[in-house]
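Student: Numbers 0 to 288, taken from numbering that gives the first Met the number 0, label the letters of the sequence shown in order.
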Amino acid sequence: MNRTRTTPPRPVDIGAVFPALAPLARPAVRLHPRPGSPTVHDSSIGGPLLWPAQQPWMYCRIGHEWSNPMVPVAQLYARDIPLLRPPGRSDLLQVLWCPSEHDPDSSIPVEVSWRTAADVTDALAAPPEPFEADEYLYIPKPCVLAPEQITEYPHYGELPEELREQTKDPALWQAAGVVVDEANPQQLYDDALSHAPGWKIGGWSRWGLTDPVPRFCVACGTAMVPLLTIASSEWERNTTSWIPYEDQPAGAPDDIWFNPPGITVLDANRLQLYACPANGGHPHTSLVQ
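#1: Could you give the distance in angstroms between the alpha-carbon of R214 and the alpha-carbon of R205?
#2: With three or more C-beta pairs closer than 8 Å as the rule, is the stretch 227 to 235 touching the stretch 257 to 269?
#3: Which complete alpha helix (DSSP H) runs does the stretch 93 to 163 hold, if anything under 4 residues is left out?
#4: Within the same chain, show all residues whose beta-carbon is closer than 7 Å to that of E128, passing over the 5 residues directly before and after it, in chain order.
#5: Just to confirm, is the Cβ distance from P32 to C142 under 8 Å?
#6: Please report the straight-line C-alpha distance between K199 and L272, rounded to a whole angstrom.
#7: Could you tell me which residues DSSP pairs with F17 in its beta bridges?
#8: Flag this pair as touching only if the stretch 148 to 158 and the stretch 22 to 39 have three or more C-beta atom pairs under 8 Å; answer yes or no.
#9: Do the CB positions of V109 and V119 come within less than 8 Å of each other?
#10: Between which two residues does the beta strand (DSSP E) harbouring P26 extend?
#11: Identify whether L83 lies in helix, strand or coil by the three-state DSSP scheme.
#12: Extract the residue ranges of the beta strand (DSSP E) inside the stretch 49 to 80, only unbroken runs of 3 or more that lie entirely within it.
#13: Near K167, what residues of its chain come up, given a Cβ to Cβ distance below 7 Å and the 5 sequence neighbours on each side ignored?
#14: Determine the DSSP secondary structure at T228, reduced to helix, strand or coil.
#15: Looking only at its chain, what residues have a beta carbon closer than 7 Å to the beta carbon of H63, apart from the 5 residues adjacent to it on each side?
#16: Short check: CB of D79 to CB of L144, under 8 Å?
#17: Would you call D12 buried or exposed, if buried means 16 or more other Cβ atoms sit within 10 Å of its Cβ?
#18: Could you give the DSSP three-state label for S193: helix, strand or coil?
#19: Taking G261 as the reference, which of P139, L91, C59 and V212 has the closest Cα?
#20: Grab the span of the beta strand (DSSP E) containing L270 for me, first residue to last.
#21: Kindly identify the DSSP beta-bridge partner or partners of T200.
#22: Between which residues of its own chain and S43 is the CB-CB distance below 7 Å, once the five residues before and five after are set aside?
#23: How far does the beta strand (DSSP E) with L286 in it extend, from its first residue to its last?
#24: Would you tell me roughly how many angstroms separate the C-alpha atoms of L136 and I107, rounded to the nearest one?
#25: I'd like to check one pair, H154 with P211: are the Cβ atoms closer than 8 Å?
#26: State the Cα-Cα distance for the pair C97 and V177, rounded to the nearest angstrom.
#27: Taking Cβ positions, are W113 and P81 nearer each other than 8 Å?
#28: Ordered along the chain, which non-local residues of its own chain (more than five positions away) have a Cβ less than 7 Å from that of P248?
#29: Quick check on the DSSP output: the alpha helix (DSSP H) that includes W172 runs from which residue to which?
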């Protein structure tokens, strides 16, 4: 099976239309999870973790009668995704969550663990299974990855005011030969030119439930940046230009590649994990959008 995934070029060179955007470009890595049989030595979504046999497993102790074992969400090796930039000598990111929503705030408890793969000489063979789970929402199906680096730009709401006003001016788009909806010209920017949908590392945040909200490190006060986006789908109806060449023709919600891990985050949203760029060992934070 061909695991390569290639994002089509953006329909417009946005940096040529608005040169002031150039300094705001950020690298991102689309993970492109697809059904597979990963091992503990592979980067994966929903696959087995390289977890030391002597290390206690992680449990959720919030809102359960008994502690509920967490489930693997992602395992990412820095060799596959150099953009991770792990702290110290670690080279492996592992993400787990509680596989059930928590009332009344509908939050999802998440644990992030960095480790050094070479230090794990005796891996846990059979992690405990959760006794309470929304199985069809929060237990990802095992997927292998096809990491692909792309370039992203900020969500419209995160642009400096002058740039926001420029993207709202249809005359500036038309002067560059770009056809836009004159009533909502910035929609093309947000849907097809700024940030990719789906599972990804780095890049810029996607917003929708709220206006952009800065996140600050609780340890040092530094503005945090996106670490991992956990998505309910690989694309949406208004983001089909991001569908990889290898998955076309596609686009409908029942396409096999629309949501390979089969998870749904709080009404089909995204869980975004943030990290401190000053020190990767500082606590992460999360936000649903």
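Ideal Cβ positions, reconstructed from N, Cα and C, are used throughout, including at glycine.
Tutor: The short version:
#1: Taking the first residue of the sequence shown as position 1, residue 214 is located at position 215. Taking the first residue of the sequence shown as position 1, residue 205 is located at position 206. If I take the Cα positions, the gap works out to 14 Å.
#2: Judged by Cβ distances under 8 Å, the stretch 257 to 269 makes contact with the stretch 227 to 235, as three or more pairs qualify.
#3: Given a length threshold of 4 residues, each whole run of the alpha helix (DSSP H) inside the stretch 93 to 163 is given here in chain order: 134 to 137.
#4: Counting from one through the sequence shown, the residue named residue 128 turns up at place 129. Closer than 7 Å at Cβ, skipping near neighbours: P68.
#5: Translated into positions along the sequence shown, residue 32 becomes position 33. Translated into positions along the sequence shown, residue 142 becomes position 143. Yes.
#6: Here residue 199 corresponds to residue number 200 of the sequence shown, with the count starting at 1. Here residue 272 corresponds to residue number 273 of the sequence shown, with the count starting at 1. Straight-line measurement puts the Cα of L272 at about 11 Å from the Cα of K199.
#7: Here residue 17 refers to the residue found at position 18 when the sequence shown is read from its first residue. Looking at the DSSP output, F17 bridges to nothing.
#8: The stretch 148 to 158 makes contact with the stretch 22 to 39: 3 or more CB pairs, one atom from each, lie closer than 8 Å.
#9: As a first step, residue 109 is located in the sequence shown; it is residue number 110 there, counting from the start. As a first step, residue 119 is located in the sequence shown; it is residue number 120 there, counting from the start. Their beta carbons are not under 8 Å apart, which means V109 does not touch V119 by this criterion.
#10: Mapped onto the sequence shown, residue 26 falls at position 27. P26 -> beta strand (DSSP E) spans R25 to R29.
#11: Translated into the one-based positions of the sequence shown, residue 83 becomes position 84. Note: L83 maps to helix in three-state DSSP.
#12: Scanning the stretch 49 to 80 for uninterrupted beta strand (DSSP E) segments of 3 residues or longer gives 70 to 76, listed from N- to C-terminal end.
#13: For this step, residue 167 is matched to residue 168 along the sequence shown. The answer, listed in chain order, is P184 and Q185.
#14: The residue you call residue 228 lines up with position 229 of the sequence shown. In this structure, T228 counts as strand in the three-state DSSP scheme.
#15: Residue mapping note: residue 63 aligns to position 64 of the sequence shown, counting from 1. Excluding residues within five positions, the ones whose Cβ falls inside 7 Å are E131.
#16: Taking the sequence shown and counting its residues from 1, one reaches residue 79 at position 80. Taking the sequence shown and counting its residues from 1, one reaches residue 144 at position 145. For the pair D79 and L144, the CB atoms are nearer than the 8 Å cut-off.
#17: Position 13 of the sequence shown, counting from 1, holds the residue named residue 12. By the beta-carbon neighbour count (other beta carbons within 10 angstroms, threshold 16), D12 is exposed.
#18: If you number the sequence shown from 1, residue 193 lands on position 194. S193 sits in a helix when the DSSP states are folded into three classes.
#19: Numbered from its first residue, the sequence shown carries residue 261 at position 262. Checking every option, the nearest Cα to that of G261 belongs to P139.
#20: Within the sequence shown, numbered from 1, the residue matching residue 270 stands at position 271. Note, L270: beta strand (DSSP E), R269 to A274.
#21: In the sequence shown, counting from the first residue as 1, residue 200 sits at position 201. Reading off the sequence, residue 200 comes out as Ile, not Thr. Note: I200 sits in a beta bridge opposite V28 and L227.
#22: Translated into the one-based positions of the sequence shown, residue 43 becomes position 44. Around S43: P37, Q74, P141, C142, V143 and L144.
#23: As a position in the sequence shown, residue 286 is number 287, starting the count at 1. In the DSSP assignment, L286 falls within the unbroken beta strand (DSSP E) covering T284 to V287.
#24: Stepping through the sequence shown from its first residue, residue 136 is reached at position 137. Stepping through the sequence shown from its first residue, residue 107 is reached at position 108. Cα to Cα, L136 sits roughly 12 Å from I107.
#25: Indexing the sequence shown from 1 puts residue 211 at position 212. Indexing the sequence shown from 1 puts residue 154 at position 155. Yes, they are a contact pair.
#26: Mapped onto the sequence shown, residue 97 falls at position 98. Mapped onto the sequence shown, residue 177 falls at position 178. Note on geometry: alpha-carbon atoms of C97 and V177 lie some 46 Å from one another.
#27: Position 114 of the sequence shown, counted from the start, is the residue given in the question as residue 113. Position 82 of the sequence shown, counted from the start, is the residue given in the question as residue 81. No, they are not a contact pair.
#28: Reading the sequence shown from its first residue, position 249 is the one you call residue 248. Here the set comprises nothing.
#29: Along the sequence shown, one-based indexing puts residue 172 at 173. W172 -> alpha helix (DSSP H) spans P169 to A174.
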